[in-house]
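Novice: Quick note: the sequence shown uses this note's numbering, first residue 904, plus one each step.
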Amino acid sequence: MTDRAPTASRPPPTARDASPAWHTLTAADAEALLNTRETGLADDEAARRLAEHGPNRLPEQRRRGPLMRFLMQFHNVLLYVMMVSAVITAILGHWIDTGVLLAAVLINAVIGFIQEGKAESALDAIRAMLSPHALVSRNGERREIDAAELVPGDVVHLISGDRVPADLRLIAVKELRIEEAALTGESLPVEKGVDAVDAQAPLGDRYGMAYSGTVVVYGQARGVVVATGSHTELGRINQMLSGIEAMSTPLLRQVDRFGRALAIVILAVCALLFLVGTLWRGHTPADMFMMVVALAASAIPEGLPALMTVTLALGVQRMAKRRAIVRRLPAVEALGSVTVICSDKTGTLTRNEMTVQRVVCAGQAFDVSGVGYEPGGACTLDGRAIEIANYPALGQAVRAAVLCNDAALRPDGSHWRVEGDPTEGALLVLGEKAGCTQDEAGTAWPRIDSIPFESENRYMATLHRDATGEALTYAKGAPERILDMCVDQMGRDGAPAALDVDHWRRMATDTAAKGLRLLALAVKRADPAQAGLSAADMEGGYTLLALVGMMDPPRSEAIAAVARCHDAGIVVKMITGDHAETARAIGAQLDIGVGKPAVTGAEVALMDDATLRDTVMSVDVFARASPEHKLRLVQALQASGQVVSMTGDGVNDAPALKRADVGVAMGLKGTEAAKEAADMVLADDNFATIAAAVQEGRGVYDNLRKFVLFMLPTNGGEALIVIVAILFNLALPITPAQVLWINLVTSSCLGLALAFEPVEPGIMNRPPRPPGQPLLSGFFVWRVLMVSVLMMAGGLGMFLWELHNGTSIETARTMAVNAIVMAEMFYLLNSRSVFGSILNREGLLGNRYVLISIGVCLLLQLGYTYLPIMHTVFQSAPLSLLNWAEVLGAGLLVFCVAEFEKWVISHTPLGKRLAA
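(1) Just list the beta strand (DSSP E) runs in the segment 1443 to 1474, keeping only unbroken ones of 3 residues or longer that don't cross its boundaries, in chain order.
(2) Are Ala-1501 and Val-1537 touching if we call contact CB-CB under 7 Å?
(3) Note down the Cα distance separating Ile-1029 from Thr-1135, rounded to an integer number of angstroms.
(4) Are the segment 1232 to 1246 and the segment 1600 to 1609 touching by the rule of at least three beta carbon pairs closer than 8 Å?
(5) Pick from Asp-1057, Ile-1228 and His-1036: whose alpha carbon is nearest that of Ala-945?
(6) Report back the beta-carbon spacing between Met-1363 and Ile-1351 to the nearest angstrom; my notes put them in contact at under 8 Å.
(7) Return the chain-ordered list of same chain residues with a C-beta closer than 7 Å to the C-beta of Ile-1741, the five sequence neighbours on each side being excluded.
(8) Gly-1394 and Ala-1461 look like a contact to me (Cβ under 8 Å); what is the Cβ gap, rounded to whole Å?
(9) Per the contact definition of three or more C-beta pairs closer than 8 Å, is the segment 1443 to 1459 in contact with the segment 1323 to 1337?
(10) Give me the Cβ distance between Val-1839 and Thr-1649, rounded to the nearest whole Å; I'm assuming they're in contact under 8 Å.
(11) For Gly-1544, which residues from the same chain have a beta carbon less than 6 Å from its beta carbon, with the 5 sequence-adjacent residues on both sides left out?
(12) Which of the three DSSP states, helix, strand or coil, is assigned to Pro-1314?
(13) Quickly, what does DSSP pair Arg-1045 with across the bridge? List them, please.
(14) Over what stretch of residues does the beta strand (DSSP E) that includes Glu-1082 continue unbroken?
(15) On the three-state DSSP scale, how would you describe Ala-1581?
(16) Work out the CA separation of Phe-1192 and Phe-1702 for me, nearest whole Å.
(17) Could you tell me the alpha carbon to alpha carbon distance between Ile-1666 and Phe-1729, rounded to whole angstroms?
(18) Between which residues of its own chain and Met-1222 is the CB-CB distance below 6 Å, once the five residues before and five after are set aside?
(19) Just mark Gly-1266 as buried or exposed, buried being the case when its beta carbon has 16 or more other beta carbons within 10 Å.
(20) Should Ala-1463 go down as buried or exposed, given a rule of 16 or more other Cβ atoms within 10 Å for buried?
(21) Should Ile-1489 go down as buried or exposed, given a rule of 16 or more other Cβ atoms within 10 Å for buried?
(22) Does DSSP put Cys-1282 in a helix, a strand or coil?
(23) Is DSSP giving Asn-1629 helix, strand or coil here?
(24) With a cut-off of 8 Å, do at least 3 Cβ pairs link the segment 1513 to 1521 to the segment 1555 to 1569?
(25) Taking 8 Å as the cut-off, does the segment 1114 to 1132 touch the segment 1045 to 1060 (at least 3 CB pairs, one atom from each stretch)?
(26) Taking contact to mean 3 or more Cβ pairs, one atom from each stretch, closer than 8 Å, check whether the segment 1242 to 1259 and the segment 1475 to 1492 are in contact.
(27) Hey, quick one: how far does the alpha helix (DSSP H) through Val-1413 stretch, first residue to last?
(28) Does the Cβ of Glu-1621 have 16 or more other Cβ atoms within 10 Å, making it buried, or fewer, making it exposed?
(29) What does Gly-1380 pair with, by DSSP beta-bridge criteria?
(30) Give a yes or no on whether the C-beta atoms belonging to Gly-1739 and Ala-1084 are separated by under 7 Å.
(31) Hey, how far is the Cα of Ile-1624 from the Cα of Ile-1712?
(32) Considering Leu-1657, what are the terminal residues of the beta strand (DSSP E) in which it resides?
(33) Would a C-beta distance cut-off of 7 Å place Glu-1727 and Thr-1617 closer than the cut-off?
(34) Where does the unbroken alpha helix (DSSP H) through Gly-1239 begin, and where does it stop?
(35) Rounded to whole angstroms, what's the CA-CA distance from Leu-1421 to Pro-1382? Just pull it up for me.
(36) Quick one: is Glu-1660 buried, meaning 16 or more other Cβ sit within 10 Å of its Cβ, or exposed?
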């Protein structure tokens, strides 16, 4: 490594100064600007800079404590109505009503507190990426210090395995490769140097820089600290993340709007009826208030928060079985609303396993089948399988690929894994497919010496001798570098032939256009100048064997999953940190962005928000995207009215993951920062799992709508009973406590069964629901009104009939309550399908939880009717068998009318138009 000394003396830039574009400066200029040298800073100067710049750590975010989180659960307009009602009933001395109201409020608050889950910890995960220690030069000697004590100007030493402790301008490197996927999305380790690059170079192309939080995978280096703490690239992402508010899901927004509208309607109707009762009917304010409380209690859907939580939790369990781990409950339903999926490429749409797909040699282009590290596949020519022995040039090329190689391919259970560089691993898999294993080749041609790959040389070479003692030097590397070393090429018969440089360059261009990474292979049959290989042996005399094209291929299941998403009306966009050519080629194989241009992050940076909104809707492949670009793309899609799911694995993805409606992180190779910022984690890093989760999310939303369609007529029927009683000056058919019994126990018990409804066939052939679609459509409002009137007729009719026959008001009210409950039991069966008839085996028996809930509900109603404690608390009374027969008739009325309405909807043009 070569040291560089400062060329000028000046004060280092402070945290308040505009940060220079360090990647554009030479190493010497960077040292001079920071006023440092190869021996490092003096202790007193380091202490002064530490006081000026602060410690090399990221600031912590203030969090809301558990008590405040719990109190915020009461911040709900429907709960305000119930709490005010509880206070007034307590003032009037109706303690049982007060207790039931407060119990309902408390249950909802506890459920909400549990649902919110653990606090956001993505920022903690980013802070955990900082290296705890650093090896620096201070006062001319090397020492290990706490990384928090690093300051701009410190000289840091890096070796393989180190986590980079701060942003560094590299000043000396030796075969340095750094894994930067967490920051840039680049799928392979980046080779580093000391040269300056253009000011507009994206983060992944700033080869003279090493960034905080990345990992050295090979080599060693020395760099000068140019940024610490919140001024690093990692700190900048941390600031972006802390400034982003997590988006609410479509369902929560719908329920919030629905709750506010319902509260306004309830309060307005209650106020109107209070005035009607006191001013027109002459009731006392105390009596009218109890009636109004009964009306409010009947109209408020107390069971909705609990049912939402249970339904979402069941969705979480089903998704977990499909390897999608949900971290936040609302994300379950939000997946069903997604209109656009923005997916990372490497490991999600692709296998994250480099695979040789093409070998060009002796004027012939061979295709290689099979994907990943599984050594299954074959070489073909023009679509026909071949025998390698009949193609000497191909055989020599495969042997070179296996011998000039430092990786190892090993079985790992039912899978195979590569130890070492993924590119070299792909060459070993090629050898296995061609019948040339590493062990056999190594035995026949043992390695004598080697020259390891270095970024300056751009090649690797190995020296071998066969059983006769003949020397063979194999080389592999960048095609243009290997071409310069060759004097001829191997012909089809295995004999040397004139080197056709133009042909090889055309083939290289053609292969690269397919999105393949290129390597060239060559051989030299001569003894080295000395005992071992040296740079002089690489200057010429080589025979070109082949060009090898490889790529990280798409997952076969991802291809099917993308097609499935397209059938479901979901647009899939690829946003990757990889190069545009690679991204476009992979996109074409996945049917993403076919016939459309790929847009780079540099182009995104030049667009204003309006232009970006237009572009993001018409382009499906985005390459070399930085954290800001990904975040802007998500925001542009949301500004266009889309519900966006974003996938990612690196800390660079965390801001976009948090901003998206559904953030999806990779569980296998994802950073903790990405996982903590996301709503869902894929246990298998597979795009197909996202498509399966979308299907589950749509099923969850269907079940929630079925519950709302089941619950509202129950509340509506109770409310109509109270309204009619007030308008016609009747005794109250059901008391506030009885209303809450129906809502909290019976309705929730029955409605819970709808959470277990299986996903309906064809659900992934529907288009996504419009993001602004209300929870209740016009048809749903009609269904709610129809069933509400039927339930009101049954309950009120039973009450008036019993009073007319001279029974006590307690018995009449018990009849009304049981009539409503029986109607709910039958209507639960109707609700299993919104439009389809349930008069078949599947409809009546297909969900065992429906039958169980009906059985439990019957037992509860028997207890309500016959237990003495229920008589005391709810003023209920025993019923006769004839009474129960009448109650059964009320339930059958609702069931038959609802099924007849479905038949009309399904079999008449007018009904079909109304349903649409």
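For glycine and all other residues, C-beta sits at the position ideal for the given N, C-alpha and C.
Specialist: This is what the structure gives:
(1) Taking only runs of at least 3 residues, the beta strand (DSSP E) segments lying wholly in the segment 1443 to 1474 are 1445 to 1454.
(2) Position 598 of the sequence shown, counted from the first residue, corresponds to residue 1501. Position 634 of the sequence shown, counted from the first residue, corresponds to residue 1537. One thing to note: Ala-1501 has its Cβ no nearer than 7 Å to the Cβ of Val-1537.
(3) Position 126 of the sequence shown, counted from the start, is the residue given in the question as residue 1029. Position 232 of the sequence shown, counted from the start, is the residue given in the question as residue 1135. For Ile-1029, the predicted model reports a pLDDT of 42, less than 50, meaning its position is unreliable; a value from the coordinates is still stated below. Ile-1029 and Thr-1135: Cα-Cα distance of roughly 12 Å.
(4) Proximity of the segment 1232 to 1246 to the segment 1600 to 1609 meets the contact definition, three or more beta-carbon pairs being nearer than 8 Å.
(5) Looking up residue 945 in the sequence shown gives position 42. Per the Cα distances, Asp-1057.
(6) For the purposes of this step, residue 1363 is identified with residue 460 of the sequence shown, where counting begins at 1. For the purposes of this step, residue 1351 is identified with residue 448 of the sequence shown, where counting begins at 1. Not quite, the Cβ-Cβ distance comes to about 15 Å (not below 8 Å), so this is no contact.
(7) Start at 1 with the first residue of the sequence shown, and residue 1741 comes out as number 838. Closer than 7 Å at the Cβ level, and outside the excluded window around Ile-1741, lie Leu-1732, Asn-1733, Arg-1735 and Leu-1747.
(8) Translated into positions along the sequence shown, residue 1394 becomes position 491. Translated into positions along the sequence shown, residue 1461 becomes position 558. Actually they are not in contact, since the Cβ atoms of Gly-1394 and Ala-1461 sit about 40 Å apart, beyond 8 Å.
(9) Contact holds between the segment 1323 to 1337 and the segment 1443 to 1459, because three or more Cβ pairs, one in each stretch, are under 8 Å apart.
(10) Nothing about residue 1839 can be reported from this structure: the residues present for the chain run from 904 to 1819 only.
(11) Stepping through the sequence shown from its first residue, residue 1544 is reached at position 641. Correct list, in chain order: Pro-1674.
(12) Taking the first residue of the sequence shown as 1, we reach residue 1314 at position 411. DSSP places Pro-1314 in strand when its eight states are reduced to three.
(13) Taking the first residue of the sequence shown as position 1, residue 1045 is located at position 142. According to DSSP, which records beta bridges pairwise, Arg-1045 is partnered with Ser-1040.
(14) Mapped onto the sequence shown, residue 1082 falls at position 179. It spans 1070 to 1082 - the beta strand (DSSP E) in which Glu-1082 sits, taken as one unbroken run.
(15) Residue numbering aside, residue 1581 sits at position 678 when the sequence shown is read from its first letter. Note: Ala-1581 maps to coil in three-state DSSP.
(16) Counted from its first residue, the sequence shown places residue 1702 at position 799. Counted from its first residue, the sequence shown places residue 1192 at position 289. Distance between the alpha carbons of Phe-1702 and Phe-1192 is about 21 Å.
(17) Against the sequence shown, residue 1666 aligns to sequence position 763. Against the sequence shown, residue 1729 aligns to sequence position 826. Take the alpha-carbon of Ile-1666 and the one of Phe-1729: they are about 26 Å apart.
(18) Your numbering for residue 1222 matches position 319 in the sequence shown. Annotation for Met-1222: Val-1229, Ala-1596 and Glu-1599 place their beta carbon closer than 6 Å to its own, counting only its chain and skipping 5 residues before and after.
(19) To locate residue 1266, count along the sequence shown from 1; it is residue 363. In the assembly as shown, Gly-1266 is an exposed residue. Its beta-carbon has fewer than 16 other beta-carbons within 10 Å.
(20) Here residue 1463 is taken as the residue at index 560 of the sequence shown, counted from 1. With fewer than 16 other Cβ atoms inside 10 Å of its own Cβ, Ala-1463 counts as exposed.
(21) As a first step, residue 1489 is located in the sequence shown; it is residue number 586 there, counting from the start. Label assigned to Ile-1489: buried.
(22) The count along the sequence shown starts at 1 and reaches residue 1282 at position 379. Reduced to three states, the DSSP call for Cys-1282 is strand.
(23) As a first step, residue 1629 is located in the sequence shown; it is residue number 726 there, counting from the start. The residue you asked about is not Asn; residue 1629 is Ile in the sequence shown. Secondary structure at Ile-1629: helix, using DSSP grouped into helix, strand and coil.
(24) No contact exists between the segment 1513 to 1521 and the segment 1555 to 1569.
(25) Between the segment 1045 to 1060 and the segment 1114 to 1132, the count of C-beta pairs closer than 8 Å reaches three or more; the two stretches touch.
(26) Below 8 Å, enough C-beta pairs join the segment 1242 to 1259 and the segment 1475 to 1492 to call them touching: three or more.
(27) Taking the sequence shown and counting its residues from 1, one reaches residue 1413 at position 510. The sequence shown places Asp at residue 1413, not Val. Taken as a continuous stretch (DSSP letters only), the alpha helix (DSSP H) holding Asp-1413 covers 1404 to 1416.
(28) As a working note, residue 1621 is residue 718 in the sequence shown. Glu-1621 should be labelled buried.
(29) Translated into the one-based positions of the sequence shown, residue 1380 becomes position 477. In the DSSP output, where bridge partners are listed per residue, Gly-1380 has Tyr-1362 and Ala-1423.
(30) By one-based count along the sequence shown, residue 1739 stands at place 836. By one-based count along the sequence shown, residue 1084 stands at place 181. Cβ atoms of Gly-1739 and Ala-1084: not closer than 7 Å.
(31) What you label residue 1624 is simply residue 721 of the sequence shown in a count that begins at 1. What you label residue 1712 is simply residue 809 of the sequence shown in a count that begins at 1. Ile-1624 and Ile-1712 have their C-alpha atoms some 15 Å from each other.
(32) Counting from 1 along the sequence shown, the entry for residue 1657 is found at position 754. Premise fails: Leu-1657 is in no beta strand (DSSP E) and is neither H nor E.
(33) Along the sequence shown, read from residue 1 onward, the residue named residue 1727 stands at position 824. Along the sequence shown, read from residue 1 onward, the residue named residue 1617 stands at position 714. Less than 7 Å divides the Cβ of Glu-1727 from the Cβ of Thr-1617.
(34) What you label residue 1239 is simply residue 336 of the sequence shown in a count that begins at 1. For Gly-1239, the enclosing alpha helix (DSSP H) has its first and last residue at 1233 to 1240.
(35) Position 518 of the sequence shown, counted from the first residue, corresponds to residue 1421. Position 479 of the sequence shown, counted from the first residue, corresponds to residue 1382. Distance from the CA of Leu-1421 to the CA of Pro-1382, rounded to the nearest whole angstrom, comes to 7 Å.
(36) Walking along the sequence shown from the start, residue 1660 turns up at place 757. With 16 or more other Cβ atoms from the protein chains shown falling within 10 Å of its own Cβ, Glu-1660 counts as buried.
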